[in-house]
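Each remark here refers to the structure printed beneath this line.
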Amino acid sequence: MKKIPDNQIAFYQTPGGSVNIEVFYAEENIWLTQKRMAELFDTTVPNINMHLKNIFKSEELDKNSVIKDFLITASDGKNYKTKFYSLEAIIAVGYRVNSERGTQFRQWATMDFQKAYQRQPFLDFLKEFLPDDF
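Numbering (the UniProt record's numbering) for the sequence shown: 1 to 134.
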């Protein structure tokens with residue numbers, strides 16, 4: 001896979017090519033705004049916001065570790081501080097969104113997990129997550 005230079009904007013095209021999503025790549029991570037997540041999962045920004053609030057309220061993710069402000073140059077040439085959410089937050093939202101594209105995302109993520117499982121014995125894979133005395 002070709003490495004994307006840091007602080008670059010890349011485009012993700014959904015299967016079938018129906019939607020192009022602007023993705024920000026920085027600090028060896030993929031970042032999206034709530035607006036771009038809404039486009040990715042074919043839902044509304046308020047719906048994405050609701051899921052993020054619930055994710056943080058339940059302490060599934062720590063807000064400070066998955067949200068970062070980046071300066072983005074707008075079409076007017078000015079820089080604006082914009083909130084972006086890391087891949088970890090994008091995945092968490094993807095498992096909560098109830099849309100056709102959300103379902104496609106979950107199917108893709110599950111398939112990817114199954115491929116990883118087939119390449120590595122399952123218990124070896126789980127060692128990272130299980131307590132030492134398990």
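Glycine residues also receive a C-beta, built at the ideal position from the N, C-alpha and C atoms.
query                                                                                                       : result
Residue burial classification, residue 43 (beta-carbon count within 10 angstroms, cutoff 16)                : buried
Residues near residue 83 in its chain [Cβ-Cβ closer than 8 Å; skip 5 each side]                             : 33, 34, 67, 68 and 69
DSSP three-state assignment for residue 78, whether helix, strand or coil                                   : coil
Reduced DSSP category for residue 98 - H, G, I as helix; E, B as strand; rest coil                          : coil
Reduced DSSP category for residue 86 - H, G, I as helix; E, B as strand; rest coil                          : strand
Boundaries (first-last residue) of the alpha helix (DSSP H) holding residue 40                              : 34-41
CB contact flag (residue 61, residue 89, <8 Å)                                                              : yes
DSSP beta-bridge partners of residue 29                                                                     : 26
Beta-ladder partner(s) of residue 68, from DSSP                                                             : 84
Cβ neighbours of residue 109 in the same chain (closer than 8 Å, five flanking residues each side left out) : 91, 94 and 95
Separation of residue 65 from residue 57, as counted between CA atoms                                       : 14 Å
Short Cβ contact (8 Å threshold) for residue 27 with residue 36                                             : no
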